Amino acid sequence: MAVPSHDVLIIGAGLAGQRAAIAAAQTGATVAIISKVHPVRSHSVAAAGGINAALNPEDTWESHAYDTVKGSDYLGDQDAIEIMCREAPDEILWLEHAGVTFHRDASGHLGTRAFGGASAARTYYVADITGHALLHVLYEQLMKHSHQIDRYEEWFTTDLLQDDAGRCDGAICRNLRDGKVEVFNAKAVILASGGAGQAYKPTTNGLIVTGDGIAQAYRIGAKLMDMEMIQYHPTTLAGNGLLITEGARGEGAWLLNAEGERFMEKYAPNKLELASRDVVSRAEQTEINEGRGFPDGTVALDITKVPRRRTLEALREIVNIGRDFAGVDITREPIHIHPGQHYIMGGVKTDVDGQTTIPGLYAAGEVACVSVHGGNRLGANSLLDTLIFGRRSGQHAAQQASHMNMPTTPASRAADTEQRIRDIINRPAGGRRVSAIKDELGETMNKYVAVFRDAEGLEQAHEIIRRLKEEAPSAAIDDRGSVFNQDVISAIELGYMLDCAEATVVGAIERTESRGAQFRTDFPTRNDDEWLKHIDISVNGADVPKVSYSEVTITRWQPQERTY
Amino acid sequence: MPEYLLKIRRYDPTSGHAAYWDEHAVELSGSNSVLDAILKVRDEVDGSVGIRCSCQQAICGSCGVRMNGKPGLACNTHLQEAADRRHDGDGDARPVIEVEPMGNMPVIRDLIVDMDAVHWKKIQRVTPYLINQEPIPEREYIVPHDAMVDVTQTMACIQCGACVSDCLSMEIDPGFIGPAALSKAYRFVGDPRDADHFERLKDLSEDPHGLYDCTHCFNCIDACPKGVAPMSQIMRLRRKAGTDEEITDRNNGNRHEEAFSTLVQDYGLLNEAELLPRSWGGNSWFGKFHPDAGRVLLKSLPAIIPAVLRGKVSPKIAMFGHKLAPDDLQAVKKIFTKVEGRDQRIELNLYVSGNDSDDDPTPVAVGAAAGEDGAPADKSPTFPGPGEASESASSESESA
Chain A
107 MAVPSHDVLI IGAGLAGQRA AIAAAQTGAT VAIISKVHPV RSHSVAAAGG
157 INAALNPEDT WESHAYDTVK GSDYLGDQDA IEIMCREAPD EILWLEHAGV
207 TFHRDASGHL GTRAFGGASA ARTYYVADIT GHALLHVLYE QLMKHSHQID
257 RYEEWFTTDL LQDDAGRCDG AICRNLRDGK VEVFNAKAVI LASGGAGQAY
307 KPTTNGLIVT GDGIAQAYRI GAKLMDMEMI QYHPTTLAGN GLLITEGARG
357 EGAWLLNAEG ERFMEKYAPN KLELASRDVV SRAEQTEINE GRGFPDGTVA
407 LDITKVPRRR TLEALREIVN IGRDFAGVDI TREPIHIHPG QHYIMGGVKT
457 DVDGQTTIPG LYAAGEVACV SVHGGNRLGA NSLLDTLIFG RRSGQHAAQQ
507 ASHMNMPTTP ASRAADTEQR IRDIINRPAG GRRVSAIKDE LGETMNKYVA
557 VFRDAEGLEQ AHEIIRRLKE EAPSAAIDDR GSVFNQDVIS AIELGYMLDC
607 AEATVVGAIE RTESRGAQFR TDFPTRNDDE WLKHIDISVN GADVPKVSYS
657 EVTITRWQPQ ERTY
Chain B
1471 MPEYLLKIRR YDPTSGHAAY WDEHAVELSG SNSVLDAILK VRDEVDGSVG
1521 IRCSCQQAIC GSCGVRMNGK PGLACNTHLQ EAADRRHDGD GDARPVIEVE
1571 PMGNMPVIRD LIVDMDAVHW KKIQRVTPYL INQEPIPERE YIVPHDAMVD
1621 VTQTMACIQC GACVSDCLSM EIDPGFIGPA ALSKAYRFVG DPRDADHFER
1671 LKDLSEDPHG LYDCTHCFNC IDACPKGVAP MSQIMRLRRK AGTDEEITDR
1721 NNGNRHEEAF STLVQDYGLL NEAELLPRSW GGNSWFGKFH PDAGRVLLKS
1771 LPAIIPAVLR GKVSPKIAMF GHKLAPDDLQ AVKKIFTKVE GRDQRIELNL
1821 YVSGNDSDDD PTPVAVGAAA GEDGAPADKS PTFPGPGEAS ESASSESESA
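These protein sequence lines are chains A and B, in that order. Quick note on numbering: the first sequence equals residues 107 to 670 in the numbering used here. Quick note on numbering: the second sequence equals residues 1471 to 1870 in the numbering used here.
Shown next as structure tokens:
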């Protein structure tokens, strides 16, 4: 049987993956893009508010970069941030020309909205379905270039392959349709498989966001970085944790506590609701903890401050979410929200071309840590991150591939994986269910590794994760079939999430200071002398992961006290 | 919490068994979603229940299914809302919710259907990417805000397949391009940056499974969880093809539609006997004497003769048409004069709200289709006032 072979193999088909595929194909490479779901189901689809770029003539990329550096609490690497912000305007124009239906201003030029932590309104948007619009337009381009880009939709990646020298040269994947396992040869592999939000419960992330790529890279020895930096979004729905876009506050919505007080005046007198997400989330949690929240553990987001017609035009999705999932007409009354897990700033450590510490392996998007987000990501910088570093990874990988030979891993290499999957399917009954272990993990993370953390809670979380890691290999599944066996996939994903969660907890224990999204109640201040550095995490057999450090790149912005 | 009886349609192609109903009692609040119930079963009882799902907030489009006969997303359909669709209770005291895979697409496993084989093939059919107006500007295209808001309605499609599931035309003609793909086509035809408006419209009009294959059953509008209103987009494509571009297609679709319209204008009511003659022979009483009309009438005799014999058609009405009271007829004609006398057509659009008044509890989905002709209009974006808003509901019937 012929083994599918491509210059560049991309795993994950959200924005980063699709952008990488298009860039690699345009550089002349043969490309395959593999995704465990149909590409338009990827979680990029849920990004609502917009994408940042200093495209207006009055705006500057330096201003955007400074906001990003400050937002990161000085943990972002400034060389990478400079590249991202410099290249942002051209990327927006590329998207516009590719067909993204960006909303306009009155003169017909691209329109902007305000967003958190930004000193100018530089967020470009399509109503509040920006990620959705971007993802679907990129998929249009994938369909357009189908002669250059092979799509493997609904294929689950189980292993990354390495040659004798340790270079990543392909992957093993399972076709969900029929359960067949195949080897894919590639000169370069780009991970673009997103974050790990499902390690938390609740989370704004979809059920598919299970840290696959982070764990796969980690397991073959790639370094992870900034894993302790977990973003809690300030406005998620009480109960189910669904996202209410920051666009709401960008359009003028207020945050109120149960006493009707606009509490952000106390915490961020200048930027108010549009301070950085870590700042707003901490403010809300403080209000709630100190008894000024509502009995359901929430504060209120008042979108009635936004003119109704504007809400209906520009915030249509959250009108629907309010109606369908909370029974609230957000144009008429405030909606109850609280901070909720949303994004992981950390990921597989890469350089500015997406190269990880494993030769031949790239990473881009939420799976990666360049690090442009540092301790805290600004709203509307994640879409930008996926596209800029997706493109750069695709270009770089394609160029490297052009002077390499195609690896020749035989199809028989899939046998071990097949056996492993058979073993999962044939597991004896009796263990706890995968879903039960996953729930315990999620609740643990949300309790101890959240907005406020301390040593005791983190140690507790680590202990639980170690226990779950031992238990997971015997977790029970029910599905013994070969066609669309989602049960066996969920058992594998559980292992991925546990790896990601452990890296997060180990990083959080290590960092004995408060910076960005990491707030240690036992170390409540930022400590630049000791902790202006990244924490790198790498695999250590089945043991607790190894910790090392790397420098933060500073080009022109020295750390300052951070106020909004 | 109430107990619901969840009946899931199960099927495993490798089992050798036919599809069957898998029943589970689920205790959940009525405002939980159908997906919540399915996931509860999957998490707590049987991990082998197959359904695609991810975001749980109606944006990823994975969980399209039929619930008590109606297609939609499992994640944004409340249990009680789904239960209320059934009145028989199935002999069970508990509210019953039957969940089946979507229609018009082959089932792969349980609730998972093969969207590639049908839905995505049809999307590919409509050249689903922008053909740029040349020259491509150095910066962005300057286009009216309203035009972008207008195509946002079709851009809002999440490709869930709910409209495809219950498209009656597709059931009869599996070749029909269908509601989702035609909406996708409107996303380009309505986009002023696209260079191929005419070619797209011509292509879709000439395709025997294209624009004129839709029979106005409204199922897709009812099914769509995102308010895309696919049928409205199909009608907009027709108005652009027939009225704006004057494309007369070989399927006779456009002339057939005009025949409908002129008959109502002339008689105040549809005159079925004159419909075929007019659509082939021209829009007047004399149309029936056109050779083409003669041919098609001759061909239709096997249908006409039994109809006459059973008294469904009277020769008198066939010759002279229905008679409406003169006042009523005048009133109908006035509607035509008013609607067709407008400078600009008003089209429905979800994202443009023409009404900001506080006494209106639901968003009014109305908007002026600015940039309708595809030209970057100079005029500043304006929204229609409430007056226009209330009229526009009638514009949909204009083409029917």
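From the three backbone atoms N, C-alpha and C, an ideal C-beta is built for every residue, glycine too. Since this is a predicted model, take the numbers as computed values, not measurements.
query	result
Proximity winner among B:Ala1626, B:Tyr1474 and B:Ser1784, relative to Lys1696 (chain B) (alpha-carbon distances)	B:Ala1626
Chain A contact for Leu1600 (chain B) (CB, 7 Å cutoff)	yes
Cβ shell of Asn591 (chain A) (< 8 Å), same chain only, five flanking positions each side left out	Leu282, Gly285, Ile531 and Asp585
DSSP-derived helix/strand/coil call for Gly368 (chain A)	According to the sequence displayed, residue 368 (chain A) carries Arg and not Gly. DSSP places Arg368 (chain A) in coil when its eight states are reduced to three.
Distance between Gly177 (chain A) and Arg498 (chain A) (C-alpha atoms, nearest Å)	23 Å
8 Å Cβ cut-off: residues of chain B touching Met249 (chain A)	Ile1593, Gln1594, Pro1598 and Tyr1599
Minimum Cβ-Cβ distance from Leu267 (chain A) to chain B less than 7 Å	no
Contact check, Leu489 (chain A) vs Ala153 (chain A), beta carbons under 7 Å	yes
Leu216 (chain A) - partner residues in DSSP beta bridges	A:Arg210
Length at least 4, wholly inside the stretch 569–652 of chain A: the alpha helix (DSSP H) runs in chain order	592–616 and 634–637
Same chain only: Cβ atoms within 6 Å of Gly1542 (chain B), ignoring 5 sequence neighbours per side	Ala1632 and Pro1695
Chain B within 7 Å of Tyr670 (chain A), Cβ atoms only	no
Rounded C-alpha distance that separates Ala406 (chain A) from Cys274 (chain A)	49 Å
Reduced DSSP secondary structure (H/G/I, E/B, other) of Asn158 (chain A)	strand
Residue-chain proximity (Val473 (chain A), chain B), Cβ-Cβ < 7 Å	no
Members of the stretch 1510–1537 of chain B near chain A, C-beta cut-off 9 Å	Arg1512, Asp1513, Glu1514, Val1515, Asp1516, Gly1517, Ser1518, Val1519, Gly1520, Ile1521, Arg1522, Cys1523, Ser1524, Cys1525, Gln1526, Gln1527, Ala1528, Ile1529, Cys1530, Gly1531 and Ser1532
Residue span of the alpha helix (DSSP H) that contains Asp1762 (chain B), given as start and end	Pro1761 to Leu1779
Contact between the stretch 609–627 of chain A and the stretch 565–577 of chain A (3+ Cβ pairs under 8 Å)	yes
Nearest-angstrom Cβ-Cβ length linking Gly118 (chain A) and Leu297 (chain A), presumed shorter than 8 Å	7 Å
Interface residues of chain B facing Phe625 (chain A) [CB-CB closer than 9 Å]	Result: empty, since nearest Cβ-Cβ is about 28 Å, beyond 9 Å.
Span of the alpha helix (DSSP H) around Glu288 (chain A)	Not the alpha helix (DSSP H): Glu288 (chain A) falls in the beta strand (DSSP E), residues Val287 to Leu297.
Buried versus exposed call for Asp545 (chain A) [16 or more other C-beta atoms within 10 Å across all chains shown]	exposed
6 Å CB neighbourhood of Ile198 (chain A) in its chain, flanking five on each side removed	Ala159, Leu161 and Tyr230
Of the residues A:His203, A:Gln505 and A:Arg147, the one placed nearest Leu1600 (chain B), counting alpha carbons only	A:His203
Proximity test, Cβ basis, 7 Å: His1615 (chain B) and chain A	yes
Alpha-carbon spacing of Asp1584 (chain B) relative to Ser1532 (chain B), whole angstroms	12 Å
Burial state of Ser588 (chain A), where buried means 16 or more other Cβ atoms lie within 10 Å	buried
Bridge partners - His1494 (chain B), DSSP secondary structure assignment	B:Leu1476
Euclidean distance between Cα positions of Ser1784 (chain B) and Gln1800 (chain B)	25 Å
heavy atom of the ligand HEM below 6 Å from Leu1674 (chain B) C-beta	This structure simply doesn't include the ligand HEM, nor any ligand for that matter.
Proximity below 7 Å, CB of Leu313 (chain A) to CB of Ser1524 (chain B)	yes
Within 7 Å, strictly: CB atoms of Ser171 (chain A) and Thr1622 (chain B)	The question names Ser, but residue 171 (chain A) in the sequence shown is Ala. No, these two residues do not count as a Cβ contact at 7 Å.
Euclidean distance between Cα positions of Glu1715 (chain B) and Ala344 (chain A)	51 Å
Contact between the stretch 242–253 of chain A and the stretch 262–278 of chain A (3+ Cβ pairs under 8 Å)	no
Cβ-Cβ distance between Thr174 (chain A) and Leu484 (chain A) below 7 Å	yes
Three or more C-beta pairs below 8 Å linking the stretch 303–323 of chain A and the stretch 286–293 of chain A	no
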